[in-house]
Amino acid sequence: MDNRPRPARQTVATAVLLAQLTAMLSGCLSVKTRTIRAAEGEGGGVALQVFADDGARKAGRVGPGGLVSELERKEGRTWRPVFRSLNPSWAVVGLPEGTYRVGFPARLSEAGDVERLGSSKHKVFEVRDRMMTDVQVTLAHVSPALVVVGIVTVVVAAVLISDYLGDHDLPTPPVPPAELVELAFHVSLDLAAQAAWSAGGDRMAPVVTSHFPASGALVAARQPKVIFCFSEPLAGRTLEPESVVVLGERSGVIAGTVHYDGANWWVVWTPREDLPGGDRFHATLSGDAIEDLAGNEPGKPTSFSFRTAP
């Protein structure tokens, strides 16, 4: 019988699941597509959900978090990133028609350290005008009797954007820059205006698409990083040194350093020392923390809370 406290058992289970992702993501990809004629709206969309296994998929239980997902658009012979997230569920609309792919280049450890997945697989699919492409990713063990081996099953189905938005009780495009709805992060991207992110036509504010740790997470690591993932590349030189504040309900403001990770479009806060255990922390990114390449600021703060294990 496992006599460890429940939070400790949960933390270990999460760490084991994350540790298996590298093997899982080196497997095969199977795809099923379904196309429905569009009737209204402008631009296409992509909605992604990640499930730990078939049981989680059937139950509609997304996760695990901490897996870096990336949506890229094919332009000529190159692939250009257009969206990144740490959430196991997100949605993007306002995409021009074309060839896209989704991949998982990295994952985060319990402490928020980046662990690259060198053999990360990509799934290529088409985005059509006024159509929502649903991407379901299932991480599943092949056999519990063998050394951990995994496969990634990606199911792609296109549905009417209007139907998708109606199911999630969302307004039809155009939508506000960001809407957080239950399981899906919803953001509108005007890629026509962002053909070059530094161009004068880019007047959209950069949007926080996700963060680490997850809201309400119980963190076992003693010096966890706090990460804010953005919707586009940023001008790192504009990052304000006091742009991230981490406040403990019992321990007060925690000293830390902040930097911009240009490879991932992240603003990262690192504590100078261990976070006290058994406390609840509130992390806040200021609305003027940083600018995008065209000089736009987020405009409003982003906050979330997490707990540290005793």
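In our numbering, the protein residues as written are 6 to 315. Using N, Cα and C, we set each Cβ at its ideal position, and we do this for glycine too. Note that this is a predicted model, so its numbers are computed, not measured.
Using 8 Å for Cβ pairs, my map puts Phe217 next to Gly117. What's the rounded Cβ distance?
5 Å
Which residue from Phe130, Ser236, Ser90 puts its Cα closest to that of Glu102?
Phe130
What residue does the alpha helix (DSSP H) around Lys230 start on, and which one ends it?
That residue, Lys230, is in no alpha helix (DSSP H); it is neither H nor E in DSSP.
Using a threshold of 8 Å, state whether the C-beta atoms of Val273 and Ile232 are closer than that.
Val273 places its beta carbon less than 8 Å from that of Ile232.
Between the Cα of Leu53 and the Cα atoms of Glu296, Gly99, Val140, Gly70, which residue gives the shortest distance?
Val140
Can you tell me whether Arg82 is helix, strand or coil according to DSSP?
coil
What residue does the beta strand (DSSP E) around Arg277 start on, and which one ends it?
Looking at the DSSP string, Arg277 is not in any beta strand (DSSP E), and its letter there is neither H nor E.
Between the CA atoms of Glu120 and Ser114 - distance to the nearest angstrom:
7 Å
Closer than 6 Å by C-beta to Ala294: which residues in its own chain qualify, once you throw out the five before and the five after it? Chain order, please.
Glu245, Ser248
Whether Asp284 touches Gly261 by CB criterion (8 Å)
no
Span separating the alpha-carbon of Val212 from that of Lys305:
10 Å
Give me, in chain order, the residues of the same chain whose beta-carbon lies closer than 7 Å to that of Leu185; leave out the 5 immediate sequence neighbours on both sides.
Legend: pLDDT at Leu185 = 28, less than 50; position of this residue unreliable, no value from coordinates given.
Count the other CB atoms within 10 Å of the CB of Ser308; is the residue buried (16 or more) or exposed (fewer)?
exposed
With burial defined as no fewer than 16 other Cβ atoms inside 10 Å of the residue's Cβ, what is the status of Asp279: buried or exposed?
Exposed: under 16 other Cβ atoms inside 10 Å.
Please return the same chain residues whose Cβ sits closer than 7 Å to the Cβ of Gly221, not counting the five positions on each side in sequence.
Ser310, Phe311
Where Lys128 sits in the DSSP three-state scheme:
If DSSP states are grouped into helix, strand and coil, Lys128 belongs with the strands.
Which two residues bound the contiguous beta strand (DSSP E) that contains Gly261?
Where Gly261 is concerned, the enclosing beta strand (DSSP E) stretches over 261-266.
Residues in the same chain with beta-carbon distance under 7 Å from Val250, minus the five sequence neighbours each way, listed in chain order, please.
Val258, Thr289
Tell me the DSSP secondary structure of Asp118 in three-state form.
coil
Just how far apart, CA to CA, sit Glu237 and Leu223?
29 Å
How is Arg62 classed by DSSP in three states: helix, strand or coil?
In the structure shown, the three-state DSSP call for Arg62 is helix.
Taking 6 Å as the limit between beta carbons, can you name the residues of its chain near Thr313, skipping five residues before and five after?
Val224, Leu280, Gly282, Asp284
Under a Cβ-count criterion, where at least 16 other Cβ atoms within 10 Å of its own Cβ denotes burial, should Pro149 be classed as buried or exposed?
Any reading at Pro149 must be qualified, since the residue scores a pLDDT of 35, below 50, and its modelled position is unreliable; no value is offered.
Under 8 Å between the Cβ atoms of Ala210 and Pro303?
yes
Residues in its own chain within less than 7 Å of Ala57 by CB, not counting five upstream and five downstream?
Leu22, Gly68, Pro69, Leu144
Using the three-state DSSP reduction, which class does Gly241 fall into: helix, strand or coil?
helix
Among Leu76, Gly300, Val142, Gly49, whose alpha-carbon lies nearest the alpha-carbon of Lys63?
Val142
In whole angstroms, give me the CA-to-CA distance for Leu76 and Pro93.
13 Å
Where the beta strand (DSSP E) through Arg312 begins and ends
307-313
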